[in-house]
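Residue numbers (this note's numbering), protein chains in the order written: chain A, 2 to 377; chain B, 2 to 377. By construction, the Cβ of each residue, glycine as well, lies at the ideal position given by its N, Cα and C atoms.
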């Protein structure tokens, strides 16, 4: 009964698996942390839709971060959308943060181009292309994790619910590499920012990199930091550290994202961190992605974790660029799913997915369409 | 009566001037923000006690920041104390933060050596020596202030009381320069980290720099940003921006420090920022400094602002290095006064200055004396 009431109240949030009901996410002082990073793996052709072309990929995470603050990009004089108008998911996140007044910070865990915003710096280098080099030195992995622990601890003192999102182009490939190294059968289960999910390409890159590094499936299951160092990216240890820092201090964490956040969950498990206060928050478009297998991937890592899924009704949008999210493009990122869930909960059910869609469309008109038309 | 009760409860906090009683500082979610920065002005001989010698000065702010997290310095293999054992005021701040569990962040607004901690970066260059160059470009002043506003706004969403401290060697000289440019008669009123307050040297430097920049007393009273650019340092616009960001969003601010914080107050006034939620928090050793004139300096800037003064009974310490604070050395810094006030209030009066002294002495034994003995 209790649960039915909640379902009615939050009709655009679905809980999948797990023992938790939606009200476990209620908080008087949530905070959103967006970790931006870079891996040169993203420069391999065909791997990401983020960034209109190869030269622009390096601006993507910083442009996303600037968009959250300003509704526009400053590091690059361009609209944060594909040439045919599919926007960055930061558009959704920004809209939600404006409505909910949830505070947020951006953590730089190794971007190539610094955004024009104040940010929490982990003083890390961008990750290398895992086909050519090891992803990052083990000292850098250790530092990212250690800084994450420190930040997570501080954050959790006045914020009892920390929502963690990311922006790292090419990140699903490195995430796949780490999971396979840890013995999690994630192959062909990872989502992509494109509807034609380039599984073959991703598998090929990861297999080649594993071979180069003498890794076989599960051979690093007790050495998650080695896996990150050889085949991961700087976002992974940073988010892991922040999450653990919060949990160790008694707080709750939402891993807001798609299959990349599965990697974080799998490392937390390997580190024996208690995950009863860890939740996954994502969009319907990841959850329903037939080219991937999100739910089973999560459950194969932790069959007790609750997945919260947000429905923003983008399929009903009059904006083709937004409707595209429901048709397999972009789908998620920059914590869009998790932050929209927190926004509905923050509004105590007074804002549902349909109402939020109107706000998102307004933001799209103001900050994408107008500039897009201006440019063309 | 009410007020007498408070005075009894918080017997080691004194309110000077202003209409506020101590309970205005009560908060369920305070946060401490330590802004570290650098000015090459500190390299002029005789200007600061911070750093055992000239080559070490550049490590001071970062060593302070590391001390807050680790109880030791990492960027430099040395004890954060003068050769005869006078510790950094960060020792007091760290002790208080540990006891109170008040969260804190460090903002890098332009240090020369990066500390080994995660920090909020404003991506600024260290300030120049005001005898030789302008202190910082006007774009940098604008950026520091703008980033401060952004950070202050975000902080104030979940923290209704923001305590602002600083660590910038040589900062009282640049602070003096800015105040004179704004028409505030601060000459011979600024505190120093040394008992033989080098007023003559500071005045000489500032006068020379003013002449070089064609500034006369008060000639920049309507151009505070020009004053900072010509004769200030990067800490000043950063702290000003954070303070204003908090206030604009309805929060309360404590400027925790000595005469440098007067400069912040004077700029806030020049920017027409309402200061009824701005408080000064400092130590008894600044307040009683006969070589300076703290109270009158504050009142000449804003005669309504309340000054809260913390008594940590350092005069009674068995540790000569700590006792020295009461005899004119160091006196304050890294927000020590303000954070100790917040700690007493957080403990609802259950911790007074004498109790806190015991904790400070323990910290001194553990992190200064032991290492100091080890080294010698």
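- In the DSSP secondary-structure assignment, residue 35 (chain B) is bridged to B:107 and B:166.
- When Cβ-Cβ separations below 8 angstroms define contact, residue 148 (chain A) makes contact with chain B.
- Assignment of residue 293 (chain A) by DSSP, reduced to helix, strand and coil, places it in the coil class.
- Look at the segment 112-142 of chain B: the residues with a C-beta under 9 angstroms from a C-beta of chain A are 115, 117, 118, 119, 120, 121, 122, 123 and 124.
- One Cα belongs to residue 157 (chain A), the other to residue 292 (chain A), and the distance between them is close to 36 angstroms.
- Under DSSP, residue 82 (chain A) forms a beta bridge with A:88.
- The contact set of residue 152 (chain A) on chain B, defined by CB atoms closer than 8 angstroms, consists of 119 in chain order.
- At a C-beta separation below 7 angstroms, residue 59 (chain A) has no neighbours in chain B, since its nearest C-beta there lies roughly 17 angstroms away.
- Annotation: residue 331 (chain B) to residue 87 (chain B) spans about 8 angstroms, alpha carbon to alpha carbon.
- In chain order, 192, 259, 295, 332 and 333 place their CB closer than 6 angstroms to the CB of residue 287 (chain A), counting only its own chain and leaving out the 5 sequence neighbours on each side.
- Using beta-carbon distances, residue 100 (chain A) does not count as an interface residue toward chain B, since no partner is under 8 angstroms.
- Note on residue 368 (chain B): 16 or more other CB atoms within 10 angstroms of its CB, so buried under the neighbour-count rule.
- Rounded to whole angstroms, the gap between the alpha carbons of residue 304 (chain A) and residue 266 (chain A) is 11 angstroms.
- Excluding its 5 nearest sequence neighbours in each direction, residue 126 (chain A) has C-beta neighbours in its own chain below 6 angstroms: 111, listed in chain order.
- Between residue 226 (chain A) and chain B, the shortest Cβ-Cβ separation is not below 8 angstroms.
- Uninterrupted alpha helix (DSSP H) stretches at least 4 residues long and entirely within the segment 219-269 of chain B occur at 225-232 and 236-249, given in chain order.
- Secondary structure note for residue 284 (chain B): its beta strand (DSSP E) is the uninterrupted segment 279-284.
- Around the C-beta of residue 150 (chain A), 16 or more other C-beta atoms lie within 10 Å, and the residue is accordingly described as buried.
- Beyond the five residues adjoining it in sequence on each side, residue 117 (chain A) comes within less than 7 angstroms, by CB distance, of 67, 75 and 76 in the same chain, given in chain order.
- Legend: CB atoms of the segment 308-328 of chain B lying less than 8 angstroms from CB atoms of chain A are not found in any residue.
- DSSP lists B:40 as the beta-bridge partner residues of residue 128 (chain B).
- Ranked by Cα distance from residue 174 (chain B), the options B:309, B:27 and B:49 are led by B:49.
- Contact of residue 158 (chain B) with chain A is assigned, a C-beta pair being separated by under 8 angstroms.
- With its beta carbon at least 8 angstroms from every one in chain A, residue 237 (chain B) lies outside the interface.
- One Cα belongs to residue 25 (chain A), the other to residue 252 (chain A), and the distance between them is close to 12 angstroms.
- A straight-line Cα-Cα distance of about 15 angstroms links residue 131 (chain A) and residue 38 (chain A).
- The C-beta of residue 32 (chain A) comes closer than 8 angstroms to at least one C-beta of chain B.
- The three-state secondary structure of residue 207 (chain B), taken from DSSP, is helix.
- Taking C-beta atoms as the reference points, residue 321 (chain A) and residue 315 (chain A) fail to come closer than 8 angstroms.
- In chain order, 165, 240, 244, 262, 265, 266, 279, 280, 281, 282 and 339 place their CB closer than 8 angstroms to the CB of residue 256 (chain A), counting only its own chain and leaving out the 5 sequence neighbours on each side.
- Counting C-beta pairs with one atom in each stretch, the segment 193-212 of chain A and the segment 95-112 of chain A have fewer than three that are closer than 8 angstroms, which means they do not touch.
- The beta carbon of residue 140 (chain B) sits closer than 8 angstroms to no other beta carbon from its chain once the five residues preceding and following it are set aside.
- The criterion of a C-beta distance shorter than 8 angstroms is not satisfied by residue 289 (chain A) and residue 13 (chain A).
- In the three-state reduction of the DSSP assignment, residue 308 (chain B) falls in the strand class, which pools E and B.
- Going by DSSP, residue 46 (chain A) is part of no alpha helix (DSSP H) at all; its letter is neither H nor E.
- Comparing alpha carbon positions, the residue from B:201, B:222 and B:46 closest to residue 184 (chain B) is B:222.
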